[in-house]
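Worksheet for the structure shown next.
In the numbering used here, the protein residues as written are 56 to 256.
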């Protein structure tokens with residue numbers, strides 16, 4: 056397969072840095088059975104569905120799993136190192152697999168401080184560039200610390216262009232998210248389903 060066939064020009068000004076507002080106003084491309092294409096909006100979805108069609112929703116609640124911390128200097132001549140940590144998968148009540156930048160500046164036994172009384176120790180490197188972190192808090196206390204000090208994990212193409220902010224806690228959480236925080240990334244297709252659209256469906 057020639058991967059160059061997938062290359063295309065995407066002007067910077069066409070890259071959305073925030074979800075559509077209102078969220079169900081996002082564009083929807085409808086492909087009809089005869090191959091005809093039609094431009095629509097997500098809010099128009101009900102008119103394209105028939106009795107018996109099935110929609111499956113991911114009702115996960117997204118954790119604010121992006122953390123900024125400091126690895127304190129090693130020894131007298133070293134310097135503190137700023138670290139960006141993105142949690143990937145929970146291993147147990149206080150241990151997570153994570154991606155960290157700069158990962159090469161971390162080694163097992165290093166502590167990353169996120170806030171007073173909230174830190175993690177890097178316990179090992181994992182294949183694929185991930186690390187394992189053991190947090191100073193566990194269970195509900197860890198989720199509270201993440202809520203207080205973490206940010207919503209943004210898609211990489213957005214995170215390269217702007218930092219996460221308070222608005223992201225609402226716009227990157229679906230309107231139908233359950234009570235249990237379980238995801239480290241937003242189920243982005245679900246972000247377009249507003250309460251109004253759900254009631255129409």
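Glycine residues also receive a C-beta, built at the ideal position from the N, C-alpha and C atoms.
Please identify the residue among 188, 228 and 217 whose C-alpha is closest to the C-alpha of residue 142. As a first step, residue 142 must be located in the chain shown, where it is residue number 87. Residue 188 is the option with its Cα nearest to residue 142.
Would the beta-carbon of residue 126 fall within 8 Å of that of residue 161? Residue 126 sits at position 71 when you count from the first residue of the chain shown. Residue 161 sits at position 106 when you count from the first residue of the chain shown. In this structure, the beta-carbon distance from residue 126 to residue 161 falls below 8 Å.
Within the chosen definition, does the region 193-202 reach the region 105-122 through at least 3 CB pairs nearer than 8 Å? Cβ pair count under 8 Å is three or more, so yes.
Could you give the residue range of the alpha helix (DSSP H) that holds residue 254? On the chain shown, residue 254 is found 199 positions in, with the first residue counted as 1. Membership of residue 254 in the alpha helix (DSSP H) is indicated by the continuous run 250-255.
Does DSSP put residue 136 in a helix, in a strand, or in coil? Position 81 of the chain shown, counted from the first residue, corresponds to residue 136. Strand.
Counterpart residues of residue 198 in DSSP-defined beta bridges: Sequence index remark: in the chain shown, residue 198 carries index 143 (1-based). BP columns for residue 198 are empty, so no partner.
Residue 124 bridges to which residues according to DSSP? The sequence position of residue 124 within the chain shown is 69, counting from 1. Residue pairing by DSSP places residue 124 opposite 138 in a beta bridge.
Can you tell me which of the three DSSP states residue 178 falls into? Here residue 178 refers to the residue found at position 123 when the chain shown is read from its first residue. DSSP places residue 178 within a strand segment (E or B) once states are collapsed to three.
I need the DSSP call for residue 187, collapsed to helix, strand or coil. Residue 187 sits at position 132 when you count from the first residue of the chain shown. DSSP places residue 187 in strand when its eight states are reduced to three.
Examine the Cβ distances between the region 149-160 and the region 177-195 and report whether three or more of them are shorter than 8 Å. Three or more pairs of CB atoms, one per stretch, sit closer than 8 Å, so the region 149-160 contacts the region 177-195.
Between which two residues does the alpha helix (DSSP H) containing residue 206 stretch? Residue 206 sits at position 151 when you count from the first residue of the chain shown. For residue 206, no alpha helix (DSSP H) run applies, since DSSP gives it neither H nor E.
Look at residue 99 and residue 83 and say whether their C-beta atoms are less than 8 Å apart. Along the chain shown, read from residue 1 onward, the residue named residue 99 stands at position 44. Along the chain shown, read from residue 1 onward, the residue named residue 83 stands at position 28. Closer than 8 Å, so yes.
Enclosing alpha helix (DSSP H) for residue 213 [first to last residue]: Numbered from 1 along the chain shown, position 158 holds the residue referred to as residue 213. Taken as a continuous stretch (DSSP letters only), the alpha helix (DSSP H) holding residue 213 covers 211-214.
Note down, in chain order, each residue of its chain lying with its Cβ closer than 6 Å to the Cβ of residue 238, except the 5 sequence neighbours on either side. Working through the chain shown from its first residue, we reach residue 238 at position 183. Counting only Cβ-Cβ distances below 6 Å, and skipping sequence neighbours, we find 115 and 117.
What is the DSSP secondary structure of residue 79, counted as helix, strand or coil? For this step, residue 79 is matched to residue 24 along the chain shown. Here DSSP, grouped into helix, strand and coil, assigns residue 79 to helix.
Neighbour-count burial assignment, residue 63, 16 or more Cβ in a 10 Å radius: As a working mapping, residue 63 is identified with position 8 in the chain shown. With fewer than 16 other CB atoms across the displayed protein chains lying within 10 angstroms of its CB, residue 63 is exposed.
Please state whether DSSP places residue 229 in a helix, a strand or coil. Indexing the chain shown from 1 puts residue 229 at position 174. Of the three classes helix, strand and coil, the one that applies to residue 229 here is coil, per DSSP.
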